[in-house]
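Notes to accompany the following structure.
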Amino acid sequence: MTYQKKILPFICILAVSMMLVPTGADAQQYGFHRRQRSAQEQAIEDSIPLWRGVIVGVDVVGPAMRAFGDYGQLEAQVKVNLKDRWFPTVEVGYGTADHEDDQTKIRYKTSAPYGLIGIDFNILKNKHDKYRVLIGARYGYTSFNYDIGPLTIVDPVWKNNATWEAKSQKCTYGWAEAVAGVDATIWKFLHLGWTFRYRARLHQKYGNAGEPWYVPGFGVRGGTRIGAEFNINFEF
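Counting from 1, position 197 in the sequence shown corresponds to residue 201 in the working numbering; the numbering is continuous, with no gaps.
Pasting the structure below:
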């Protein structure tokens, strides 16, 4: 009796499983519908033209950073929409900084253009949806001059004040970016979206006065930076 009580639940589960598994004609029908959906998706894919339009947009985070802080940038972008999947991208901007160190009182100033080139990829399965989830990469470059100082120091021997400053220090800077973001259609051609960026320095060359405090387009000095942008885009 105990043996029957133990085996009875397993028999019930096996019977229900056999009822749920498609067999014979049902299995063939299930496979047919899957192949049919796949063929339909492939037909839609092939019918979409390569050229889908152009996207132009601006970032609003950079101007806000400059308005409420001591550095920031104005940035615009142009993207080409290829099959709603690939988006070759060019971004250009103008970065500025006017910063004074709280401890040393050394002032740093610069303003210069910068540019980035790269591509984004829409990872959503339904690439024609009004929402897009994008991942991509960029290469950025800028060449600029920066000023350090003036700094007033006291001569240790003569006890008089002396002023030190470095004007028009030359710097070139290149970096790579990993990009991830979302884009949503708000109304017809109006899109809004966030992008998050991980920046890593590739190369730099700067003047004798030392490394620049801020690099236009990259941000405050360092080997890596994490940033974010909020874009207002128009797709035509």
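Positions of the beta carbon are idealized from the N, C-alpha and C atoms, including for glycine.
This one's a predicted model, so the numbers in the text were calculated from it and none came from an experiment.
Scanning its chain for C-beta atoms nearer than 6 angstroms, with the 5 sequence neighbours on each side dropped, one finds around A184 the residues I139 and F200, in chain order. Beyond the five residues adjoining it in sequence on each side, R229 comes within less than 7 angstroms, by CB distance, of R203, F222 and G223 in the same chain, given in chain order.
The Cβ atoms of P117 and V96 lie closer than 8 angstroms to each other.
Rounded to the nearest whole angstrom, the C-alpha separation of Y218 and S51 is 48 angstroms. Straight-line spacing of the CA atoms in G144 and Q81 works out to 13 angstroms. P67: member of the alpha helix (DSSP H) spanning V65 to F72, first to last residue. Between D102 and D74, the C-beta gap is smaller than 8 angstroms, which places the two residues in contact. Contact check for N235 and D105: beta-carbon distance about 32 angstroms, past the 8 angstroms limit, so the pair fails to qualify. The Cβ atoms of F193 and E233 do not sit closer than 8 angstroms to each other.
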